[in-house]
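Enquirer:
Residue numbers (my numbering): 2 to 202.
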């Protein structure tokens, strides 16, 4: 399964994910270059890259988009990742900064591709469909929000649940904590947003 990390301009402390390729989205290409991360492509209108576009073009295959367009740079990068055949796609650095961009990236997850993973230095967001999942204790908090009428069980956490019904208005499933090495999560029906989060320093 091929993986790629699409790095946004707001990325901090870009993680090195074994076996994954990297691409810079707009000035995310600069963040990769600063971190010494080799990219398979860079893409964007580069309005946030300042005068560094020439430097970017010298180091990586570069797709320059017009500033006036009907897609965000991240959505265009996502389509390029699909075109190249990647099956695991991580959008990194996309949960901070301008709220409209944050929501647009969440919409990519919720309404374009539920297999996407959204991350920044303090959060990881995924959609869980019906099934069983093992979640390692990598973040301080574990939260769930229903995207439709759902039933969920949680064990290995501070506040376990057994076939709990949650709907889109419920928020009691926020700010749980994994108290063992890993948690066992089962989505019996429905579709939920799983948010792993740390406090910002």
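Each residue gets a CB set at the ideal place from its N, CA and C atoms; glycine is no exception.
1) Who are the near neighbours of residue 203 in its chain, counting only those whose CB is closer than 8 Å to its CB and skipping five residues on each side?
2) If you draw a straight line from the alpha carbon of residue 84 to that of residue 75, how long is it in whole angstroms?
3) Once the 5 residues before and after residue 73 are set aside, which same chain residues still bring their CB inside 6 Å of it?
4) Measuring alpha carbon to alpha carbon, tell me which residue in 78, 71, 116 and 120 is nearest residue 63.
5) Give me, in chain order, the residues of the same chain whose beta-carbon lies closer than 7 Å to that of residue 134; leave out the 5 immediate sequence neighbours on both sides.
6) Beta carbon of residue 57, beta carbon of residue 31: below 8 Å?
7) Under the rule that 16 or more other beta-carbon atoms within 10 Å means buried, what is residue 1, buried or exposed?
8) In its own chain, which residues sit with a C-beta less than 7 Å from the C-beta of residue 188, not counting the 5 before and 5 after it?
9) Indicate the three-state DSSP secondary structure (helix, strand or coil) for residue 42 in the structure shown.
10) Measuring CB to CB, does residue 102 end up less than 8 Å from residue 198?
11) In this structure, does DSSP put residue 69 in helix, strand or coil?
12) Alpha carbon to alpha carbon, what distance is there between residue 48 and residue 68?
13) Have a look at residue 163 and residue 155 and give me their C-alpha separation to the nearest angstrom.
14) Does DSSP put residue 76 in a helix, in a strand, or in coil?
15) Between which two residues does the beta strand (DSSP E) containing residue 164 stretch?
16) Report, in whole angstroms, the separation of the C-beta atoms of residue 71 and residue 46, which I expect to be a contact under 8 Å.
Expert: By the coordinates alone:
1) Residue 203 lies beyond the range of the chain shown here (2 to 202); nothing can be said about it.
2) 14 Å
3) 105
4) 78
5) Around residue 134, the same chain offers 186 as residues with beta carbons nearer than 7 Å, after the five sequence neighbours per side are excluded.
6) yes
7) No answer is possible for residue 1: it lies beyond the span of the chain, which begins at 2 and ends at 202.
8) 129, 130, 131, 132, 151 and 153
9) strand
10) no
11) coil
12) 7 Å
13) 7 Å
14) helix
15) 162-167
16) 13 Å between Cβ atoms; not a contact.
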